[in-house]
Amino acid sequence: MFNILVLYKQGPPFYHASYIVIIDILDGDTLVTDQSKCMHKLTWNSLLGLERLSETAAKEILFAQVLWPSSALHTSNTLSVDSLSEFSVRELLWRRWNPKHNKDVEEEDDDSC
Numbered sequence: 000m001f002n003i004l005v006l007y008k009q010g011p012p013f014y015h016a017s018y019i020v021i022i023d024i025l026d027g028d029t030l031v032t033d034q035s036k037c038m039h040k041l042t043w044n045s046l047l048g049l050e051r052l053s054e055t056a057a058k059e060i061l062f063a064q065v066l067w068p069s070s071a072l073h074t075s076n077t078l079s080v081d082s083l084s085e086f087s088v089r090e091l092l093w094r095r096w097n098p099k100h101n102k103d104v105e106e107e108d109d110d111s112c
């Protein structure tokens with residue numbers, strides 16, 4: 000299960016969104032997805048659909064895994080600001096390999112031998 004957002008550089012009035020951010024909330028101890036904190040179920044079909052959307056809209060897909068510490072209450076909808084330092088985020092930038100875009104780079108590498 001995932002939450003999906005867009006990320007802007009300095010906000011919507013200044014730039015278009017640069018990233019589609021997929022947020023996955025994991026238990027900090029077991030690294031298992033916490034289904035109760037996520038809104039969407041991500042399947043291969045939905046991921047490929049988001050990938051097509053990101054290519055069409057000139058955006059990149061960024062996965063953010065929030066590691067929820069066991070010390071933070073799972074039942075509460077509000078958290079103390081003091082507990083934020085206990086959370087950590089892992090990120091992964093999804094990029095599709097496109098042979099047309101990488102063709103020039105490969106040719107340059109061959110010439111440099």
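Heads up: the sequence shown begins at 0 in numbering that gives the first Met the number 0, then just goes up one per residue. C-beta atoms are modelled at their ideal positions from N, C-alpha and C, and glycine is treated no differently. Since the structure is predicted, the reported quantities are computational estimates derived from the model, not experimental observations.
Short check: CB of residue i to CB of residue j, under 8 Å?
i   : j   : result
L6  : V20 : yes
L49 : L92 : no
E59 : R94 : yes
D28 : S79 : no
W67 : D33 : yes
Which residues in the same chain have their Cβ closer than 6 Å to the Cβ of residue i, if we skip the five residues on either side of it in sequence?
i    : result
S111 : At S111, the pLDDT of 49 sits below 50, so the modelled position is not reliable; the number obtained from the coordinates is stated separately. Excluding residues within five positions, none has a Cβ falling inside 6 Å.
H15  : none
K36  : I24
P12  : none
Apart from the five residues just before and just after residue i, which ones in its own chain have a Cβ nearer than 8 Å to its Cβ?
i   : result
V31 : L25
From which residue to which residue does the beta strand (DSSP E) around residue i run?
i   : result
E90 : 87-93
D30 : What sits at residue 30 in the sequence shown is Leu, not Asp. Counting along the chain, L30 falls outside any beta strand (DSSP E), and DSSP gives it neither H nor E.
Could you pull the start and end residues of the alpha helix (DSSP H) that residue i belongs to?
i   : result
W96 : No alpha helix (DSSP H) holds W96; DSSP gives it neither H nor E.
I52 : Looking at the sequence provided, one finds Leu at residue 52 rather than Ile. Residues 43-55.
With residue i and residue j assumed to form a contact (beta carbons below 8 Å), what rounded beta-carbon distance in angstroms separates them?
i   : j   : result
A71 : S82 : 5 Å
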